[in-house]
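**Student:**
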Amino acid sequence: MSAPGATDASAATAGARGSLALRGVRKSYHGTEILRGIDLDVAPGEVVCLIGPSGGGKSTLLRCINQLESLDGGVVAVDGELVGYTAHAGHLTEASDRETSRVRRNLGMVFQQFNLFGHLTAVQNVATGPVKVLGRRKAEAERRARELLASVGLAEHAGKYPSQLSGGQQQRVAIARALAMEPAILLFDEPTSALDPELVGEVLAVMKSLAAGGTTMVVVTHEMGFAREVADTVVFMEGGVVVEQGPPAQLFGAPRSPRTAAFLRRSGGEAHSGEAQDADSDAEAAIS
Amino acid sequence: MTSSQLLTDPPGTAAGGGDPLARLAALPLRSRSRILSRWVPAVVVGALAAAIGWAFVSAPAMNWPVVAEYLFSPRILAGVGTTLLFTVLTFALGLLLGIVLEVMRQSGNPVLRVIVDGYIWLFRGTPLLVQLVFWFNLALIFPVIGVRIPALGLTIGGSTNELVTPFLAALIGLVLHTAAYMAEVVRGGFLAVPPGQTDAAKAIGMTSLEAQRLIVIPQAVRVILPPLGNQFIDILKATAIVSVIGGGDLMTIAQQIYGQNYQVIAMLVVASLWYLALVTLATIGQHFLERGLDRSRRRVLKAEAGR
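Same order as they appear, the protein sequences are chains A and B. Read in order, the letters of the first sequence are residues 1 to 288 in full-length UniProt numbering. Read in order, the letters of the second sequence are residues 1 to 307 in full-length UniProt numbering.
1. With a threshold of 16 other CB atoms inside 10 Å of the CB of residue 287 of chain B, please say whether the residue is buried or exposed.
2. Excluding sequence positions up to five away, which residues of its chain have a Cβ less than 6 angstroms from the Cβ of residue 99 of chain A?
3. Hey, does residue 162 of chain B have any beta-carbon neighbour from chain A nearer than 8 angstroms?
4. If you measure between the beta carbons of residue 86 of chain B and residue 203 of chain B, is that distance less than 8 angstroms?
5. Looking at the structure shown, is residue 292 of chain A part of a helix, part of a strand, or coil, going by DSSP?
6. Return the CA-CA distance between residue 19 of chain B and residue 40 of chain B, expressed in angstroms with no decimal places.
7. Express the C-alpha separation of residue 216 of chain B and residue 195 of chain B in angstroms, rounding to a whole number.
8. If I'm right that residue 84 of chain A touches residue 70 of chain A with Cβ under 8 angstroms, what's the distance once you round it to whole angstroms?
9. Can you tell me where the beta strand (DSSP E) holding residue 244 of chain A begins and where it ends?
10. Quick one: list the residues of chain B neighbouring residue 105 of chain A, beta-carbon separation under 7 angstroms, in chain order.
11. Among A:88, A:252, A:256, which residue has its Cα nearest to the Cα of residue 49 of chain A?
12. Going by DSSP, which residues form a beta bridge with residue 102 of chain A?
13. Based on DSSP bridge pairs, tell me the residues matched to residue 27 of chain A.
14. Going along chain A in order, which residues have a C-beta closer than 8 angstroms to the C-beta of residue 220 of chain B?
15. Run the proximity test for residue 262 of chain B: is its beta-carbon closer than 7 angstroms to any non-hydrogen atom belonging to the ligand ZN?
16. Does the count of Cβ pairs from the stretch 152-167 of chain A and the stretch 127-139 of chain A closer than 8 angstroms reach three?
17. Would you call residue 17 of chain A buried or exposed, if buried means 16 or more other Cβ atoms sit within 10 Å of its Cβ?
18. If we count the other Cβ atoms within 10 Å of its Cβ and call it buried at 16 or more, is residue 114 of chain B buried or exposed?
19. Since residue 87 of chain B is in the alpha helix (DSSP H), which residue starts that stretch and which ends it?
20. Could you check the C-alpha separation between residue 292 of chain B and residue 198 of chain A for me, to the nearest Å?
21. If we count the other Cβ atoms within 10 Å of its Cβ and call it buried at 16 or more, is residue 156 of chain B buried or exposed?
22. Quick test of your reading: residue 98 of chain B and residue 242 of chain B, contact by CB under 8 angstroms. State the CB separation rounded to the nearest angstrom.
23. So that I know if they touch, is there some Cβ in chain B lying closer than 8 angstroms to that of residue 97 of chain A?
24. Helix, strand or coil: how does DSSP classify residue 91 of chain A here?
25. Does DSSP classify residue 193 of chain A as helix, strand or coil?
26. Closest to residue 149 of chain A by C-alpha separation, out of A:95, A:129, A:180, would be which residue?
27. Could you please tell me which residues of the stretch 45-69 of chain A, in chain order, have their CB closer than 7 angstroms to any CB of chain B?
28. Within the same chain, show all residues whose beta-carbon is closer than 7 angstroms to that of residue 107 of chain A, passing over the 5 residues directly before and after it, in chain order.
29. Could you pull out every residue in the same chain whose Cβ sits closer than 6 angstroms to the Cβ of residue 148 of chain B, ignoring the five residues on either side in sequence?
30. Can you tell me the Cα-Cα spacing of residue 118 of chain B and residue 107 of chain B, whole angstroms?
31. Thinking residue 173 of chain A and residue 116 of chain A are a contact (beta carbons under 8 angstroms), I'd like their distance in whole angstroms, please.
32. Shortest alpha-carbon distance to residue 206 of chain B belongs to which of A:178, A:195, A:213?
33. What is the DSSP secondary structure of residue 111 of chain B, counted as helix, strand or coil?
34. Residue 189 of chain A to residue 111 of chain A, Cα distance in whole Å?
35. Please report the distance separating the alpha-carbon of residue 260 of chain B from that of residue 267 of chain B.
36. When Cβ atoms are compared, which residues of the stretch 184-209 of chain B fall closer than 7 angstroms to chain A?
See the structure below:
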């Protein structure tokens with residue numbers, strides 16, 4: 001089976017796998033505009049952290065990137081290949097379900113609520129994509145799944161069901177499940193927000209090692225310490241637009257927009273409602 | 001001596017040393033007498049139940065020798081077979097139609113959804129008895145049913161009275177009625193699977209159909225199996241109602257026999273014994289099915305609760 005995403009279009013635009021481009025992405029819910037025209041470029045191997053207040057559109061943007069939400073306007077391209085749409089002369093049409101799912105293989109996603117398949121063991125969770133979607137042989141896929149579980153520190157837990165694992169362990173299985181598809185880009189949607197504070201570190205450690213390994217990553221996070229340390233680019237979103245983006249040293253050290261500065265003051269200091277635990281661990285990370 | 005006195009005893013007076021609570025902890029525990037709370041009601045209610053039971057069992061109308069004579073008679077056994085056939089066919093076809101209805105409702109097509117809602121409104125809103133009699137009398141609306149293909153000069157079909165036998169009318173009525181309830185059961189199963197499961201399945205490159213087939217349905221099935229077991233037992237008992245149109249089931253046969261020999265009560269006892277036996281068997285089967293599923297279902301439910 002050929003490498004997913006290795007089409008003519010991607011070969012023409014990018015040498016290395018894992019570039020992502022968004023142009024004018026719009027999304028509305030019940031008449032409210034959540035995304036008001038987002039442009040974003042992510043180079044292969046780049047780690048981008050999306051930060052900003054809740055309701056600012058970060059998670060929606062992530063779900064639009066892999067078409068879990070349809071776009072109301074704009075385009076998303078992975079290695080030069082449109083996601084969810086097909087270009088014709090003069091117009092776009094919605095791609096078929098099969099076509100969209102094929103492009104999605106290049107986009108691994110890790111969810112805030114883990115979303116492990118409850119009826120499958122950890123190793124089955126990881127192997128099911130390669131077996132059912134890529135058509136790999138089961139024995140080979142499970143062997144590879146065990147390797148991936150070992151790489152996230154869960155070798156002994158391969159046979160357990162999600163309900164028998166802690167939140168941090170579940171999230172690490174979810175990361176292994178995404179990696180098993182060998183995606184060009186990994187999307188993380190607040191991967192540590194649903195975790196107890198003492199479990200946040202183990203997940204962030206796995207993500208750090210992935211970033212160091214050169215995986216293209218787009219991470220929606222409230223973990224300012226992680227963004228500061230790991231991101232190549234930090235993007236601040238508020239009210240459905242990209243307010244500011246830049247290297248972490250510049251964005252955290254000398255934000256150009258007063259809105260960015262105000263958000264950083266808020267999230268660095270007092271906890272806003274419902275995110276006390278994030279703010280706490282942010283503070284800890286900032287201290288260390 | 002009350003406990004407050006014990007607690008205020010001067011220190012160092014007994015085995016517990018200086019701690020009065022430790023002395024209390026060392027005392028043997030005796031249970032309270034349960035003669036009044038447990039044995040009296042048990043004897044009174046038990047005696048009452050036995051008296052009522054014996055009054056029925058010993059009544060001359062029971063005619064136990066007749067019960068014994070007919071319990072395993074070929075006609076009754078044939079009726080039991082028909083009842084089982086009704087039950088299995090109604091369960092299977094009703095479930096199938098229920099799934100189709102639910103898929104139609106979830107298709108996102110507003111016309112299909114309205115049709116399904118209307119169907120469920122109609123078939124849950126009218127008594128099964130009325131529906132059965134209705135199908136039995138279908139010939140009054142359509143004396144002839146069939147398909148005519150004018151181009152070929154061909155007509156397939158015939159007299160409604162010949163085509164829709166009492167058995168078929170009973171089956172149609174049971175299936176259409178059951179499907180309305182099955183659709184609700186199936187719906188509950190799908191609602192129990194969080195939408196994040198579909199998101200995660202799509203995120204690893206599954207199509208919508210693959211996500212349903214490989215991820216959602218296996219988990220929904222675990223949720224709907226226990227209510228399906230209850231449906232099976234309900235259907236088993238509900239089939240007795242087809243006797244009003246002579247469906248040929250156990251109850252129909254029992255009625256036919258007591259129409260001839262006037263042993264009304266004895267034949268009702270025969271039918272009741274069979275229904276009890278079948279329902280007991282089904283309950284035992286359900287128990288084992290659920291016990292087999294219980295471990296995995298608990299896992300699924302716990303996983304959800306943990307989220």
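We put the CB at the ideal spot given by N, CA and C, even for glycine. Treat the numbers as computed from the prediction; the structure is a model and nothing was measured.
**Tutor:** Per the coordinate set shown:
1. Exposed is the call here.
2. Within the same chain, residue 99 of chain A has no close Cβ partners at all.
3. So no, residue 162 of chain B is outside the interface.
4. Contact: no.
5. Outside the shown range of chain A, which is 1 to 288, sits residue 292 of chain A, and nothing can be said about it.
6. If you take the alpha carbons of residue 19 of chain B and residue 40 of chain B, they lie about 41 angstroms apart.
7. Straight-line Cα distance between these residues: approximately 9 angstroms.
8. So it is a contact: roughly 7 angstroms between Cβ atoms.
9. Its beta strand (DSSP E) spans residues 241-246.
10. Within chain B, the residues near residue 105 of chain A are 205.
11. Taking only the C-alpha atoms, the option nearest residue 49 of chain A is A:252.
12. Beta-bridge analysis with DSSP links residue 102 of chain A to no other residue.
13. Looking at the DSSP output, residue 27 of chain A sits in a beta bridge with A:35.
14. The premise fails here: residue 220 of chain B is roughly 10 angstroms from chain A at the closest Cβ pair, so nothing lies under 8 angstroms.
15. Questions concerning the ligand ZN fall outside what the structure shown contains, since it holds no ligand whatsoever.
16. With the cut-off at 8 angstroms, the stretch 152-167 of chain A and the stretch 127-139 of chain A do not touch.
17. Flag for residue 17 of chain A reads buried.
18. With fewer than 16 Cβ atoms within 10 Å of its Cβ, residue 114 of chain B is classed as exposed.
19. Where residue 87 of chain B is concerned, the enclosing alpha helix (DSSP H) stretches over 74-106.
20. A straight line joining the alpha-carbon of residue 292 of chain B with that of residue 198 of chain A spans about 36 angstroms.
21. Answer is exposed; the Cβ neighbour count stays below 16.
22. Contact annotation, residue 98 of chain B with residue 242 of chain B: C-beta distance approximately 20 angstroms; criterion of less than 8 angstroms not satisfied.
23. Yes, because at least one Cβ of chain B sits closer than 8 angstroms to the Cβ of residue 97 of chain A.
24. Strand.
25. It is coil, neither helix nor strand.
26. For the residues A:95, A:129, A:180, the minimum Cα distance to residue 149 of chain A belongs to A:180.
27. Here the close residues are 66, 68.
28. Counting only residues of its own chain and dropping the five nearest sequence neighbours on each side, residue 107 of chain A has a CB closer than 7 angstroms to the CB of 65, 66, 78, 183, 185, 187.
29. Answer for residue 148 of chain B: 155, listed in chain order.
30. Cα-Cα distance, rounded: 16 angstroms.
31. With 8 angstroms as the limit, residue 173 of chain A and residue 116 of chain A qualify as a contact, their Cβ atoms being about 6 angstroms apart.
32. Taking only the C-alpha atoms, the option nearest residue 206 of chain B is A:178.
33. In the three-state scheme derived from DSSP, where H, G and I count as helix and E and B as strand, residue 111 of chain B is classed as helix.
34. Spanning the two alpha carbons is a distance of roughly 5 angstroms.
35. If I take the Cα positions, the gap works out to 11 angstroms.
36. Of all residues in the stretch 184-209 of chain B, 196, 197, 199, 200, 202, 203, 204, 205, 206, 207, 208 have a Cβ within less than 7 angstroms of some Cβ in chain A.
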